[in-house]
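Engineer: Here the sequence shown is numbered in this note's numbering, starting from 15 and rising by one per residue. We put the CB at the ideal spot given by N, CA and C, even for glycine.
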Amino acid sequence: MMSAIDGGTVVVTGASSGIGREIARQLAPRAGKLVLVARRVERLEALSTELRAMRDGLEVVLLPCDLGDRAATLALVETLRAREIEVDVLINNAGVGDMGVFDRASLDKTLAMIELNVVSLTILTHAVLPGMVARGKGGVLNVSSGFGMSIMPGFAAYIATKHYVSGLSEALVADLAGTGVTMTQVCPGPVATEFEENLGNFTGQKAPGLVEITAERCARSAIRGFDRGRALVVPGIIMSLVLWINHWSPRFSRRLFSRLLGRVLRKKQLAVGA
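(1) Measuring only the C-alpha atoms, how far is residue 111 from residue 52?
(2) Would you give the residue range spanned by the beta strand (DSSP E) that residue 155 belongs to?
(3) On the DSSP bridge list, what partners appear for residue 246?
(4) Could you give the C-beta distance for residue 102 and residue 152, rounded to a whole number, given that I count them as a contact under 8 Å?
(5) At 4 residues or longer, what runs of the alpha helix (DSSP H) sit wholly inside the segment 112–139?
(6) Per DSSP, residue 47 forms a beta bridge with which residues?
(7) Should residue 71 be labelled buried (16 or more other beta-carbon atoms within 10 Å of its own) or exposed?
(8) Measuring alpha carbon to alpha carbon, tell me which residue in 88, 32, 67, 235 is nearest residue 142.
(9) Suppose the cutoff is 6 Å on Cβ atoms and the five residues either side in sequence are ignored; what does the same chain contact list for residue 196 look like?
(10) Using DSSP with H/G/I as helix, E/B as strand and the rest coil, what is residue 221?
(11) Heavy atom of the ligand GTP less than 6 Å from the Cβ of residue 30, yes or no?
(12) Can you tell me which of 36, 46, 202, 179 puts its alpha carbon nearest to the alpha carbon of residue 248?
(13) My assumption, with CB atoms under 8 Å, is that residue 12 sits in contact with residue 240. Please give the rounded CB distance.
(14) Please identify the residue among 69, 99, 33, 68 whose C-alpha is closest to the C-alpha of residue 75.
(15) Quick check: what's the CA-CA separation for residue 156 versus residue 106?
(16) Within the same chain, show all residues whose beta-carbon is closer than 6 Å to that of residue 193, passing over the 5 residues directly before and after it, in chain order.
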């Protein structure tokens, strides 16, 4: 059975780098049209040139947009409608994170994170699903996080946004049953991307001790899971193990992450802020 990707119109958000860029690269041999959304125009243009060189006849549409701006996101939806772009697959990949004890974190950063990770994803998903359901085919791939199904001190607001993505994704699996439209969420652990490089914490340095997988591997797992109609994809053995522990022994998980790491994090952040 063919995937909705094959010959279809695929929208990829956060396409200028990381997982989004890798997904676009891996879909280039298969999609009929790739619609790439990101803030950085020059990176989108470079990626477009690369993708067109990969396959003759591939149509690449660039729609620069700051999805952290609600008005811009709503304008993007209107652009898709005005240009009569029928979306077969929506890949909600754009996202941002921040690290630090919640009560000492920047409120502006926290609200901006909610706008990008939650609001823009909701707007785009709500916009494309009616058309997919009417046509009886299509799918949405939400790039969530292993943190969307677990806990980790120092990431409270980020984890909350990803719990929303995971909750919405799970609920939509039920809502869309029998429509021909699929919903897949991918929940990776740390991925070697600019997202990880730019992840802020209380020292201004990258969070230590992260066991990463490559963006290429994450993208490959996500696409394979989407093709197979899976509701949940967890790339990487480390995050699979973390989620297994969290599922089967939540008390141990809370003790390990909340009590031990939470205390260490707060002490270090208070020391830095002193």
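Structural biologist: Judging by the given coordinates:
(1) 16 Å
(2) 152–157
(3) 199
(4) 5 Å
(5) 121–128
(6) 23, 73
(7) exposed
(8) 88
(9) 153, 243
(10) For residue 221, the predicted model reports a pLDDT of 43, less than 50, meaning its position is unreliable; a value from the coordinates is still stated below. Coil, per DSSP.
(11) As far as ligands go, the structure on display features none, and thus does not contain the ligand GTP.
(12) 202
(13) The structure shown has nothing for residue 12, since the chain only spans 15 to 288.
(14) 99
(15) 5 Å
(16) 147
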